[in-house]
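Participant:
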Ligand code: ADP
Ligand code: MG
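Residue numbers (this note's numbering): 756 to 1373.
This is the structure:
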């Protein structure tokens, strides 16, 4: 494998390929590499600026999109067009996030509550994957600018609790940003690698990784053995972090100075300045006993003691999570051999003290907590590049494996670069009432449409007993054994009918062909993603049309003439939109039909409930 050598003095590079490590954070994101000379991980930054890029995207009036510090300035003044915390939406449906809807100052679309969320900015719709890709694109561009070389390959980190869909969404975002995502690794694993933990194959250790970021808290208990990281348990609070510390300080000042909340709601600029001052105070109090400043004639001050008092309940909450994580891992605090601190908020002295006290030991905080995850991702990237000769690369799958779902989309079950042997599974259902068979088509490749991938096998699961659409539960399982043979099984759980097939995915593919398939996928990522979004919008629209049609058939008599005609008009408009290749138009018309029919559904539900109550004798 090729080695990279950079002449740091001139900034010129002798080698074109560079694998970077990326921490795609909820609040901040950054890129790190292994320094070609020192062989140590370093975070990339421009002169005199921070390595951190705020994970914020601003969509300007003129179609201008900015990411990072510049976008952050619009959080308060242009909230509808400023997207933060996109990571929280990755792989989520509206139902998953609705209890936190107030948190998002921008428009989260709720047309189909079960399918993946969309964000509306002006008249455009964005998926969380697209939003994250804006951040990754910015990181890629910055890295290329600093390194003066193309950056095409990356290792990206995700929280340990991310499920398959969220990991796949992160891969897709990378691809859309023009990056070949070699591997997705867990943030706590990356942090451990940055501390050199797990690099020694005969080392065995149980560790805790405490990660307090801007808006999230995660505690992970890991077992390291033979260079393999096993997550024993995770716990945390997805709505607790440094932002809450800032808010506590700001509220304290608001109270002290008699600013009323109504005034703040109207004066966004003041609210923003107050928030920024609060964050400044918090950081300052890590090194000093007090903070004082003036803002618009107000004398703001706070002592370390007062601050500690304000955040104590928040820190206590994180400690409760630590206790729960230990309990799930069936361990006592004393059995944890190393505690690693991650996230900017662990710089707060009171946090360190509390964690150290709980785990009955000093904590590891020598690596910059903002950068530690990215640094570890760079260590992993270096191992994958084959630069670290002490590491043996295990057998991995060179291309993703998946099946065809409605509209000809590729649904990946085993992502590329997965270690084998491996097992994966997902549940599917039927599209039509009384459907008795299901065709399982197995594909290999990185493209979004199966037509652009390589077909490996196909079989029919037959004998599904007649049931309404959506009721059967078909488990599709992929198993790759140590010899690289893939076994695909499909089983309908209600009836027990089952079918399976064996294939050898690598058969007949050369390394060059694999490489070509990867290159194609990156080159076509943009159009692929658009096609996927269009197909998904079509699928959802089709589904809604069917549901509304059934609904009208059944409840015709309960709707008046105006309602029926409004519904018919909206249905026609959606049908017309379906004949065009315009995803945004289809989404808009879907929304409109939804708006019209939602009240009927609610009303008829009331009637149904009323009828049910009538029969009850009280
Ligand atoms: P995430 O992983 O969620 O993207 P980070 O790890 O980058 O977040 O943490 C960001 C948080 O760290 C912010 O709330 C920021 O105010 C806080 N932070 C950064 N530096 C300090 C500091 N010196 N003292 C206290 N908090 C800090
Ligand atoms: Mg983080």
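Glycine residues also receive a C-beta, built at the ideal position from the N, C-alpha and C atoms.
From a predicted model like this one, the values you see are computed outputs, not experimental measurements.
#1: Going by DSSP, what residue range makes up the alpha helix (DSSP H) through residue 858?
#2: Could you check whether residue 1332 and residue 882 sit closer than 9 Å to each other, using their CB atoms as the reference points?
#3: Among residues of its own chain, excluding the 5 on either side of residue 916, which ones have a beta-carbon nearer than 8 Å to its beta-carbon?
#4: Any heavy atom of the ligand ADP closer than 8 Å to the Cβ of residue 1097?
#5: Locate the beta strand (DSSP E) running through residue 798, then write down its first and last residues.
#6: Distance check for residue 835 and residue 1330, CA to CA, integer angstroms please.
#7: Ignore the nearest five residues each way along the sequence and tell me which others in residue 1110's own chain have a CB closer than 6 Å to its CB.
#8: What are the start and end residues of the alpha helix (DSSP H) that includes residue 1070?
#9: Measuring only the C-alpha atoms, how far is residue 1003 from residue 1065?
#10: Where does the unbroken beta strand (DSSP E) through residue 874 begin, and where does it stop?
#11: Would you list the residues sitting across from residue 985 in a DSSP beta bridge?
#12: Is it the case that the Cβ atoms of residue 1217 and residue 1254 are separated by a distance below 9 Å?
#13: My understanding is that residue 1277 touches residue 1322, with C-beta atoms under 8 Å, so please give their C-beta distance in whole angstroms.
#14: If I measure Cβ to Cβ from residue 1147 and keep anything under 6 Å in the same chain, skipping five residues before and after, which residues do I get?
#15: Output the distance between the C-alpha atoms of residue 856 and residue 894, rounded to the nearest integer angstrom.
#16: Does any heavy atom of the ligand ADP sit closer than 8 Å to the C-beta of residue 1000?
#17: Three or more C-beta pairs under 8 Å: does that hold for the region 777-788 against the region 894-914?
#18: So, helix, strand or coil for residue 865, using DSSP?
#19: How many Å lie between residue 1224 and residue 1188 at the Cα?
#20: Which residues neighbour the ligand MG when neighbourhood means a C-beta less than 5 Å away from any of its non-hydrogen atoms? List them by chain order.
#21: What is the DSSP secondary structure of residue 1259, counted as helix, strand or coil?
#22: In the DSSP output, which residue or residues are listed as bridge partners for residue 809?
#23: Within a Cβ cutoff of 7 Å, which residues of the same chain sit near residue 1072, ignoring the five residues on either side of it in sequence?
#24: I want to check one thing, is the minimum distance from the CB of residue 991 to the heavy atoms of the ligand ADP below 8 Å?
#25: Using only the alpha-carbon positions, how far apart do residue 1195 and residue 1206 sit?
#26: How would you call residue 756, buried or exposed, if buried means at least 16 neighbouring beta carbons within 10 angstroms?
#27: In the DSSP assignment, find the beta strand (DSSP E) that holds residue 1022 and state where it starts and stops.
#28: Please report the straight-line C-alpha distance between residue 1204 and residue 852, rounded to a whole angstrom.
#29: Mind checking which residues open and close the alpha helix (DSSP H) that includes residue 1331?
#30: Can you tell which of 1238, 1167 and 1338 has its C-alpha closest to the C-alpha of residue 926?
#31: With DSSP run on the structure shown, which of helix, strand or coil describes residue 917?
#32: Looking at residue 886: is its Cβ nearer than 9 Å to the Cβ of residue 838?
#33: Does the separation of the CB atoms of residue 797 and residue 812 fall below 9 Å?
#34: Roughly how many angstroms separate the alpha carbons of residue 862 and residue 891, rounded to a whole number?
#35: State yes or no: is the C-beta of residue 776 within less than 9 Å of the C-beta of residue 1133?
#36: Is it buried or exposed, residue 963, if we count other Cβ atoms within 10 angstroms and call 16 or more buried?
Facilitator: The answer reads as follows:
#1: From DSSP, residue 858 is part of no alpha helix (DSSP H); its letter is neither H nor E.
#2: no
#3: 973, 989 and 991
#4: yes
#5: 796-798
#6: 30 Å
#7: 965 and 1118
#8: 1059-1083
#9: 6 Å
#10: 874-876
#11: 978
#12: yes
#13: Contact doesn't hold; Cβ gap of about 44 Å is too wide.
#14: With a pLDDT of 49 at residue 1147, under the threshold of 50, the predicted position of this residue should be treated as unreliable, though the coordinate-derived value follows. None.
#15: 28 Å
#16: yes
#17: yes
#18: coil
#19: 4 Å
#20: 780 and 968
#21: coil
#22: 783
#23: 992 and 995
#24: no
#25: 15 Å
#26: In this prediction, residue 756 scores a pLDDT of 34, lower than 50, which makes its location untrustworthy; no coordinate-derived value is stated.
#27: Unbroken run through residue 1022: none, as it is neither H nor E.
#28: 28 Å
#29: 1316-1333
#30: 1167
#31: coil
#32: yes
#33: no
#34: 22 Å
#35: yes
#36: buried
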